[in-house]
Amino acid sequence: MPLTLEQVRWFRLQRSGLIEPFERATEVARALVGVQAQILPAAGLSLWNRLPALSHDSYERLLFEERTLVKLWGQRGTLHLYASDEWPLIHAANAVRNRWWERHAEDAAAYAKAADAVGALIEERGTLGRSDLRESEIALEDHHFSAWGGIFAELVRRGVACHGPAEGGEGRFMARSHWLPELEWAPPDGDEANVKLARRFFAAYGPATVQDFAYWRGWYVAACKRWLAALGDDLVEVTVDGAPMLALRDDLDALRRTPPPHDAWPVRMLYRFDPLLLAVKDKSWLVDDAHYKRIWRPAGHIEGTIIDHGRAVATWRYQRKSSGLSIGVSPFAPLPTHVQRAVEGQAQAIAAFFGLPLQEITVDSVGRHAVASAVE
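As structure tokens, then:
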């Protein structure tokens, strides 16, 4: 079935909750297969863009009081927020990866023994931080305390622990049995879990290629091909402006619909690491090649992005202080009036999300950020 790139853009925005919002944060997490959470306030804004009634305070309540969202290492080995009741599914999907110590540790047996000991300690205490480990009698090495996860990453991979609220500026990890004691723990088969995630990927971000899925999943193309093959006739070939791609058969009717005129498309201020920015490997659907490096920066950093008609037109950041919120916009070209007005309105709403007044919006005419995000 032939499709246009405009049809694909509209479909992806719809499925991402950027046309019609979701009702609950857990629905966002399920539909998008997690919300990247390297920076917790950025993940909050990803949710807010799809759940406008959300505030930063209510977001933190979902995480740390109601506990309907859980923070785990997920696809691409990066931190994500998932619906808590889907932890067994996410665990099963990621358990197919080799353990870190199987690939890097000089003494795998010693590493496994250390992980077992730390696992027993967190089960006993309910929560641990790196300071607790340093004070313990467990034989650990410097790399076990790595800011990238260290030995805690192995506990999360095992399904024993998750990220919890920080205390005194220190990241904490929580034992699953203490944090979510009523969670039914019956992880499915790893391949079965990945086939389920593959279906959700195409439902949210399709049409896409095998390479797009492997990029999003952060896994080998051969394994990804096997999981897609398991979808059988549910996955069909389409063309997008002549390029071959794959889509779910159930989505063909939605994909073939004619998108509305330009003025009916929303202007959206997506923030850093938004799921839509991470979805597919080929970014040309979203941004011109000339501006690619303005969004996807060195060391894996991804800038906040303003989209109009499904295309990136600017980057943005915020600076949060007790006195208020300042927003800096760096456009790729002069912004049309309707985009300027939309940004003004959304900037007010973003400040309200944080419970702060909006101090200023600075629009840079030379293509660099006028306001650095000193405090996320």
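Here the working numbering is used: the first residue of the sequence shown is 1, the next is one more, and so on. Built from N, CA and C at the ideal position, the CB exists for glycine as well.
Note that the region 176-191 touches the region 157-166; at least 3 beta-carbon pairs, one per stretch, sit closer than 8 Å. Fully contained in the region 211-282 are the following beta strand (DSSP E) runs of length 3 or more, in chain order: 235-240, 243-248 and 268-270. For the alpha helix (DSSP H) assignment, the uninterrupted runs of no fewer than 4 residues enclosed by the region 133-187 are, from N- to C-terminal side, 150-158 and 176-179. Burial state of Pro-298 is exposed, judged by a 10 Å Cβ sphere holding fewer than 16 other Cβ atoms.
Residue state for Leu-3 is assigned as strand, using DSSP reduced to three classes.
Here Leu-69 is not near Gln-38, since their CB atoms are 7 Å or more apart. Assigned with DSSP and collapsed to three states, Arg-61 falls in helix. Assigned with DSSP and collapsed to three states, Gly-300 falls in helix.
Scanning its chain for C-beta atoms nearer than 7 Å, with the 5 sequence neighbours on each side dropped, one finds around Arg-272 the residues Ile-39, Ala-42, Ile-302, Glu-303 and Gly-304, in chain order. The region 221-240 and the region 196-209 touch, with no fewer than 3 CB-CB distances between them shorter than 8 Å. Partner residues in the beta bridge of Val-329, as assigned by DSSP, are Trp-316 and Val-363. Spatial neighbours of Glu-360 in its own chain (CB-CB distance under 6 Å, excluding positions within 5 residues in sequence) are listed in chain order as Ser-326. With contacts defined as CB atoms closer than 7 Å, Glu-23 and Pro-259 fail to qualify as a contacting pair.
Closest in C-alpha terms to Ile-295, from the list Glu-184, Ser-330 and Glu-65, comes Ser-330.
For Val-70, there is no enclosing alpha helix (DSSP H); the residue is found in the beta strand (DSSP E) stretching over 69-73. The three-state secondary structure of Gln-38, taken from DSSP, is coil. Taking the Cα positions, Leu-183 is about 7 Å away from Asp-85. Burial of Met-245 is indicated by the presence of at least 16 other C-beta atoms within 10 angstroms of its C-beta. In the structure shown, Ile-307 adopts extended strand secondary structure according to DSSP, grouped into three states. As a beta-bridge residue in DSSP terms, Ala-208 pairs with Leu-246. Distance between Pro-275 and Arg-12, taken at the CA atoms: about 11 Å.
The C-alpha of Tyr-215 lies about 9 Å from the C-alpha of Gln-75. Taking all protein chains shown into account, Met-269 has 16 or more neighbouring C-beta atoms within 10 Å of its C-beta and is therefore buried.
The continuous beta strand (DSSP E) containing Gly-129 extends over residues 127-129.
Between Ile-306 and the set His-56, Pro-52 and Phe-332, the nearest pair of CA atoms involves Phe-332.
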